[in-house]
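Student: Attaching a single structure in structure tokens format; questions to follow.
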Amino acid sequence: MRYIAISIFLLISLITVFGESLDYYKILGVDKNADEKEIKKAYRNLSKIYHPDKESGDQNKFMEIGEAYEVLMDVEKRSVYDRYGSDALKNGGHQQHQHQQRHGGHHFDMFGDLFGDFFGGGGGGHHQQQRGKPRGRDVTTSMEFTLKEFFNGRNTDFSVELQEICHNCEGTGSKDGKVHDCTSCNGQGRVLMKRQLAPGMFQQFESACSKCNGSGKLITNHCKKCKGSGVIREEKLHNIHIIPGTIRNSIEKFNGEADKSPDWIAGDLNVIIKENKNEGNLGYRRIGNNLYRTEPISLKESIDGDWEREIPFLDNYDNTIKLNRKKGELISDGEIEIIKGKGMPIINSAYEFGDLFIEYKIIYPGGNKELMNKLHDEL
């Protein structure tokens, strides 16, 4: 009975410990936007300081460092942690189920180790199943096109700096292509450790191997180009095609073209199609599939009529529009003329267009210079 009471007490204590949300970024001393290289560097430095074999070692701190490193280096785990905190990885329904599938166990496996050791049974918490590669993060960039390019469409190349697998070593990080199993963890990437909880009682747990940073592999002859990381940063050329009538701020997706690494499946490169409103619009404004333009006319033209003019238009093949009024035809200030079928091409609808709205603005003799300057800038 005494043993059972102690066991229940320890179980409750451990549940309490695991119920506390941990700040993995603070534990490693890195920013929330830290990349893989920064996280590895922080883990390497801290694990050397707090390793239990060192005089300055702290087994509890070393456990926290290993746990933080494991989560932040795993794309999927890090995503869950960023959204829901560490509790979601430890106790969270669907996330916990996924974690069990990938890693062959959950946090209560260590209770099995604990009570298995205590009562003489075997614990199974340290057995790790083989898992598939996680999916890397998407990369998002943007490109600007003029309204004229949105109208006519455009095919162009662009370059973006991305992480690529090193061509020299084919992602191994080794100059001669040889990668060896880590002798400290026997290539597993994880080591078993024990912590004493009470006289004669120990907790058995797993931690990322500090010698190989959890990879299970060691490189003796590092590739000079990537310095042993297996990846490099370089400009990658892509081609993008904007079809006539493309919606502003739509996203062009390049599947599997985000940052690459031997450790994950590349995510997607997303390009946001933005409009450059400072040039190439010829005085037109777009709202949905329609175009709008403010056209200045003199007081004489508004009263007498009898005028005709051509204004530039966005279409590469029909690049002018004729405006006119018959003699005696009056125009009031702010009057709007609608020209059917002269708006934006309607995307994925052949030969269908929106409408063009012309708003006439009367310029009085000695009138508003600020308005004239604004209209001049638009046109």
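Count the sequence shown with mature numbering (1 follows the signal peptide of the UniProt record, and there is no 0) and you get residues -19 to -1, 1 to 360, in order.
A virtual CB, placed ideally from N, CA and C, is assigned to each residue, including glycine.
#1: Just the C-alpha distance for residue 194 and residue 147, rounded to the nearest angstrom, thanks.
#2: Taking the beta carbon of residue 385 as the centre, do at least 16 other beta carbons fall within 10 Å, making it buried, or is it exposed?
#3: So, with DSSP's three-state summary, where would you put residue 11?
#4: For the stretch 250 to 260 against the stretch 126 to 143, are there 3 or more C-beta pairs whose distance is under 8 Å?
#5: What residue ranges within the stretch 278 to 359 form continuous beta strand (DSSP E) runs of no fewer than 3 residues, ordered along the chain?
#6: Which residues in the same chain have their Cβ closer than 6 Å to the Cβ of residue 341, if we skip the five residues on either side of it in sequence?
#7: Could you give the distance in angstroms between the alpha-carbon of residue 153 and the alpha-carbon of residue 211?
#8: Am I right that residue 338 and residue 319 are in contact with their C-beta atoms under 8 Å? What's the rounded C-beta distance?
#9: Is the Cβ-Cβ distance between residue 24 and residue 3 less than 8 Å?
#10: What are the partner residues of residue 174, as DSSP defines its beta bridges?
#11: Can you name, in chain order, every residue of its own chain whose Cβ lies under 7 Å from the Cβ of residue 55, other than the five neighbours on each side?
#12: Closest to residue 121 by C-alpha separation, out of 345, 51, 215 and 253, would be which residue?
#13: Can you tell me the Cβ-Cβ gap for residue 170 and residue 196, rounded? I've got them flagged as a contact below 8 Å.
#14: Go ahead and pull the three-state DSSP assignment for residue 44.
#15: For residue -8, count the other beta carbons within 10 Å of its own beta carbon; 16 or more makes it buried, fewer makes it exposed. Which is it?
#16: Can you tell me which of the three DSSP states residue 205 falls into?
#17: Taking only beta-carbon atoms, is residue 317 less than 8 Å away from chain C?
#18: So what does residue 273 bridge to, in DSSP terms?
#19: I need the DSSP call for residue 215, collapsed to helix, strand or coil.
#20: Using the C-alpha atoms, what's the distance from residue 156 back to residue 217?
#21: Consult DSSP for residue 109 and reduce its assignment to one of helix, strand or coil.
#22: Pull up the distance between the alpha-carbon of residue 223 and that of residue 135, whole angstroms please.
#23: State yes or no: is the C-beta of residue 200 within less than 8 Å of the C-beta of residue 206?
#24: May I ask you to list the residues that DSSP assigns as paired with residue 242?
#25: Tell me the DSSP secondary structure of residue 151 in three-state form.
#26: Considering just the uninterrupted stretch of the beta strand (DSSP E) at residue 26, what are its terminal residues?
#27: Looking only at its own chain, which residues have a Cβ that is under 8 Å from the Cβ of residue 301, when we skip the five neighbours before and after it?
#28: Just how far apart, CA to CA, sit residue 6 and residue 49?
#29: When the distance is taken between beta carbons, is residue 314 closer than 8 Å to residue 323?
#30: Grouping DSSP H, G and I as helix and E and B as strand, with all else coil, what is residue 141?
#31: Taking the alpha carbon of residue 285 as the reference point, which residue from 308, 149, 270 and 297 has its own alpha carbon closest?
#32: Where does residue 51 fall in DSSP's three states?
#33: What is the C-beta distance between residue 188 and residue 44, in whole angstroms, given that I count them as a contact (C-beta under 8 Å)?
#34: Considering Cα atoms alone, identify which of 202, 250 and 262 is closest to residue 118.
#35: Measure the alpha-carbon distance for residue 229 versus residue 344 and round it to whole angstroms.
Tutor: This is what the structure gives:
#1: 20 Å
#2: There is no way to answer for residue 385, as the model of the chain reaches only from -19 to 360.
#3: In the structure shown, residue 11 sits in coil (DSSP, three-state: anything other than H, G, I, E or B).
#4: yes
#5: 286 to 293, 301 to 308, 317 to 320 and 337 to 344
#6: 276, 278, 312 and 316
#7: Take the alpha-carbon of residue 153 and the one of residue 211: they are about 5 Å apart.
#8: The pair is a contact, with the Cβ atoms about 6 Å apart (cut-off 8 Å).
#9: no
#10: 186
#11: 115
#12: 253
#13: 6 Å
#14: Note: residue 44 maps to helix in three-state DSSP.
#15: Unreliable positioning characterises residue -8 in this predicted model, as indicated by a pLDDT of 45, which lies under 50. The coordinate reading is nonetheless provided below. Exposed, by the Cβ-count rule.
#16: Residue 205: coil per DSSP, three-state reduction.
#17: Among the chains of the structure shown, chain C does not appear; only one protein chain is present.
#18: 266 and 338
#19: strand
#20: 24 Å
#21: Unreliable positioning characterises residue 109 in this predicted model, as indicated by a pLDDT of 41, which lies under 50. The coordinate reading is nonetheless provided below. DSSP, read as helix, strand or coil, puts residue 109 in coil.
#22: 5 Å
#23: no
#24: For residue 242, which the question treats as bridged, DSSP gives the partners 245.
#25: coil
#26: Counting along the chain, residue 26 falls outside any beta strand (DSSP E), though it belongs to the alpha helix (DSSP H) covering 17 to 31.
#27: Taken in chain order, the residues that qualify are 291, 292, 293 and 294.
#28: 7 Å
#29: no
#30: strand
#31: Checked all of 308, 149, 270 and 297; the closest Cα to residue 285 is 308.
#32: helix
#33: The C-beta distance from residue 188 to residue 44 rounds to 6 Å, short enough to meet the 8 Å contact threshold.
#34: 250
#35: 33 Å
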